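Engineer:
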Amino acid sequence: MIASLEIPASIVQVEPVTRRRVLVVDDEENQRSAVSRMIERWGYEVATAADGSEALDRVRGFDPHAVVTDVIMPGTDGMELIRRLKEDPVYSPSIIVLTAFGGMETAVSTVHELGAFWFVEKPIKPRAFRVLLERAVAQRGLFEAKERLERQLSLQGVVGKLVGRSGAMREVFFLIRQAAPTSAGILVTGESGTGKELVARAVHELSRRCDGPFIALNCAALPEHLIESELFGHEKGAFTGALARRAGAFELAHGGTLMLDEIGDMPLGLQAKLLRFLEDRRIRRLGGTHEVQVDVRVVAATNRNLDEMIRKGEFREDLLYRLRVLQVSLPPLRERLADLPELCGAILEGLNRTHGTSIAGVETSVIQAFQRHRWPGNVRELRNVLERAVVLAGSGEIRLEHLPKGFAGLPAFEPAHRTLGPLPSVTLQVGTTLEQAERELIGITLTHTKQNRTRAAELLGVSAKTLYNKLREYGSEVDE
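With the sequence shown counted from 1, adding 1076 to any position gets you the working numbering.
#1: Whole alpha helix (DSSP H) runs in the region 1287–1337 with 4 or more residues, listed along the chain?
#2: Tell me whether residue 1401 counts as near the ligand NAD, meaning its Cβ is closer than 7 Å to at least one heavy atom of that ligand.
#3: I need the boundaries of the beta strand (DSSP E) containing residue 1434, first residue and last residue.
#4: Give the straight-line distance between the Cα atoms of residue 1213 and residue 1282, rounded to the nearest whole angstrom.
#5: Looking at the structure shown, is residue 1495 part of a helix, part of a strand, or coil, going by DSSP?
#6: Counting along the chain, where does the alpha helix (DSSP H) carrying residue 1032 start and finish?
#7: Does residue 1140 pass the burial test, meaning 16 or more other C-beta atoms within 10 Å, or should it be called exposed?
#8: With DSSP as the reference, please indicate the residues paired to residue 1121 in a beta bridge.
#9: Using a Cβ-Cβ cutoff of less than 8 Å, which residues in the same chain neighbour residue 1204 once the five nearest sequence positions on both sides are dropped?
#10: How about residue 1099 and residue 1123: are their beta carbons less than 8 Å apart?
#11: Taking 8 Å as the cut-off, decide whether the C-beta atoms of residue 1469 and residue 1435 are in contact.
#12: Could you tell me if residue 1528 is buried or exposed, where buried requires 16 or more neighbouring beta carbons within 10 angstroms of its beta carbon?
#13: If contacts are defined as beta-carbon pairs under 8 Å, then residue 1535 and residue 1521 qualify, I think. What distance do you get, rounded to the angstrom?
#14: Report buried or exposed for residue 1287, applying the criterion of at least 16 other Cβ atoms within 10 angstroms of its Cβ.
#15: If we count the other Cβ atoms within 10 Å of its Cβ and call it buried at 16 or more, is residue 1260 buried or exposed?
#16: Starting from residue 1522, follow the beta strand (DSSP E) in both directions and report where the run begins and ends.
#17: Based on DSSP bridge pairs, tell me the residues matched to residue 1341.
#18: Is it buried or exposed for residue 1454, if we count other Cβ within 10 angstroms and need 16 for buried?
#19: Quick one: does residue 1097 have its CB under 8 Å from some CB of chain D?
#20: Leaving out five residues before and five after residue 1451 in sequence, what residues of the same chain have Cβ atoms less than 8 Å from its Cβ?
#21: Between the alpha carbons of residue 1172 and residue 1305, how many angstroms are there, rounded?
#22: Give me, in chain order, the residues of the same chain whose beta-carbon lies closer than 7 Å to that of residue 1418; leave out the 5 immediate sequence neighbours on both sides.
#23: Whose C-alpha, out of 1128, 1538 and 1512, is nearest the C-alpha of residue 1149?
#24: Could you say which of 1514, 1215, 1421 and 1386 lies nearest to residue 1557 if we only look at CA atoms?
#25: With DSSP run on the structure shown, which of helix, strand or coil describes residue 1241?
#26: For the region 1378–1392 against the region 1340–1348, are there 3 or more C-beta pairs whose distance is under 8 Å?
#27: What beta strand (DSSP E) runs, 3 residues minimum, are completely inside the region 1387–1468?
#28: Taking DSSP as the reference, what is the three-state secondary structure of residue 1195?
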């Protein structure tokens, strides 16, 4: 007999069963009625609109899972309707474009540039259209499921790769979730090493641009004469060494998000060109004669005080207004020490994957030492300390002796390998092959280091990669 398992009702969240809703938009009444009747026969709840303006009004009350719209209509046409729907953070229906013969080029550009789900040629073929509509509605369902999951994770102290339960981080998570679905400009501020790029990536991953590219450009890492080319691209022959046309960061990020890190280091002349792009969304490559329309969301980041730079004439005030519609300020690690256990867990998980180690966690004494440290390098410094400890430990828990010498006022510990006891000896008989000797030496060294492969490679005088290759070659014989 199989025992039944009772699950508390408070844990189970059942989504209400609702009919799938479709909005049909077409200025031709016969076409609109025929399409809506066909969709209703398939079990959908259908609403109709005669143009884009009426459709926008219907969307607010009807909240459709999918919108089926013609492109060419009087007043607010299909292109403008799609653009307005994509800009609205509240509604996210999948959009299918209806196109007449000869309008294929417009339909394709609508799909790629405005983010419509797909297009259907008139006259409509019911079987193919039904399959496409089902997939479009399913995409909306996946988007809603992702939204619910992200909300649950944020309550547990996780947004993207950011973790933390402190009040300061909860405020950061709230701002990210509010800003991500919109197209508003975001400025991320905070000391070096606090995770500003992680905020930008979280905004991108929670937005409708999540399937598009994410490009990060550090304005402080490039010489002034190269940064304009990196941003806007160049044509062949635009300057010495420009041997071919090259797309810049704006074009590479089309349909996605561009992060401009250390925006305070951008030259004033280039700030004016960035402001112009933010106003009309057009760029011109260096040496080019025509402008290119680009759909990019810009997230800027800095560890400098831009308001102070404005007073000194080092940063444009009008550019700051465009970049800072919403500001996300990351707290330094010394102000969120309560987050250390979650941060350590998340960092160790990634380091184990990178180094092939099996660190289970961090001892309480180590966390206490971390809480006494001031962390001038913030989370980046924490990762560096943990990576060193992971390499030394290899497995088990991170202990005080794995921390850097004198860290947080701790006494200097002897290197971990000196606690392993005297080195064992190996006796080889005459006639032992080099392969047999090598296998036996590797095996006894691993036993001595308690299977710490990184330390074993160090004792053997080879790289960790060489040791891993040897272990794969010898297989289980070494372990035996």
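C-beta atoms are modelled at their ideal positions from N, C-alpha and C, and glycine is treated no differently.
Since the model is a prediction, treat every value here as computed from it, not as a measurement.
Structural biologist: Reading from the atomic positions:
#1: 1300–1308 and 1325–1328
#2: Looking at this structure, you won't find the ligand NAD or any other ligand, since it has none at all.
#3: Your numbering for residue 1434 matches position 358 in the sequence shown. 1434–1438 is the extent of the beta strand (DSSP E) around residue 1434.
#4: By 1-based counting over the sequence shown, the position of residue 1213 is 137. By 1-based counting over the sequence shown, the position of residue 1282 is 206. Computed Cα separation, rounded: 19 Å.
#5: Residue numbering aside, residue 1495 sits at position 419 when the sequence shown is read from its first letter. Confidence is the limiting factor: at residue 1495 the pLDDT is only 44, short of 50, which leaves the residue's position unreliable and the question unanswerable from this model.
#6: Because the chain in this structure spans residues 1077 to 1556, residue 1032 falls outside the shown range and cannot be described.
#7: To locate residue 1140, count along the sequence shown from 1; it is residue 64. Per the 10 Å Cβ criterion, buried.
#8: Mapped onto the sequence shown, residue 1121 falls at position 45. Answer by DSSP bridge pairing, in chain order: 1097.
#9: Here residue 1204 corresponds to residue number 128 of the sequence shown, with the count starting at 1. Correct list, in chain order: 1196.
#10: For the purposes of this step, residue 1099 is taken as residue 23 along the sequence shown, with counting starting at 1. For the purposes of this step, residue 1123 is taken as residue 47 along the sequence shown, with counting starting at 1. A contact, by the Cβ cut-off of 8 Å.
#11: Start at 1 with the first residue of the sequence shown, and residue 1469 comes out as number 393. Start at 1 with the first residue of the sequence shown, and residue 1435 comes out as number 359. Yes, the Cβ-Cβ distance between residue 1469 and residue 1435 is below 8 Å.
#12: For this step, residue 1528 is matched to residue 452 along the sequence shown. So residue 1528 counts as buried.
#13: The sequence position of residue 1535 within the sequence shown is 459, counting from 1. The sequence position of residue 1521 within the sequence shown is 445, counting from 1. Indeed, because the Cβ distance is near 6 Å, the residues count as touching under 8 Å.
#14: Taking the first residue of the sequence shown as 1, we reach residue 1287 at position 211. It counts as exposed.
#15: Counting from one through the sequence shown, the residue named residue 1260 turns up at place 184. Exposed, by the Cβ-count rule.
#16: By one-based count along the sequence shown, residue 1522 stands at place 446. It is not in any beta strand (DSSP E) - residue 1522 instead sits in the alpha helix (DSSP H) that spans 1510–1524.
#17: Your numbering for residue 1341 matches position 265 in the sequence shown. Partner(s): none; residue 1341 has no beta bridge.
#18: Indexing the sequence shown from 1 puts residue 1454 at position 378. By the 10 Å Cβ count, residue 1454 comes out buried.
#19: No chain D is part of this structure, which consists of one protein chain only.
#20: For the purposes of this step, residue 1451 is identified with residue 375 of the sequence shown, where counting begins at 1. Once the five neighbours on either side are set aside, the close Cβ partners of residue 1451 are 1408, 1409, 1410, 1457 and 1458.
#21: As a working mapping, residue 1172 is identified with position 96 in the sequence shown. As a working mapping, residue 1305 is identified with position 229 in the sequence shown. Taking the straight line joining both Cα atoms gives about 37 Å.
#22: Taking the first residue of the sequence shown as 1, we reach residue 1418 at position 342. The answer, listed in chain order, is 1233, 1239, 1240 and 1241.
#23: What you label residue 1149 is simply residue 73 of the sequence shown in a count that begins at 1. The shortest C-alpha separation from residue 1149 is found at 1128.
#24: Nothing in the structure corresponds to residue 1557, since the chain is present only between 1077 and 1556.
#25: As a first step, residue 1241 is located in the sequence shown; it is residue number 165 there, counting from the start. It is coil, neither helix nor strand.
#26: yes
#27: You should have 1402–1405 and 1434–1438.
#28: As a working note, residue 1195 is residue 119 in the sequence shown. In the structure shown, residue 1195 sits in a strand (DSSP, three-state: E or B).
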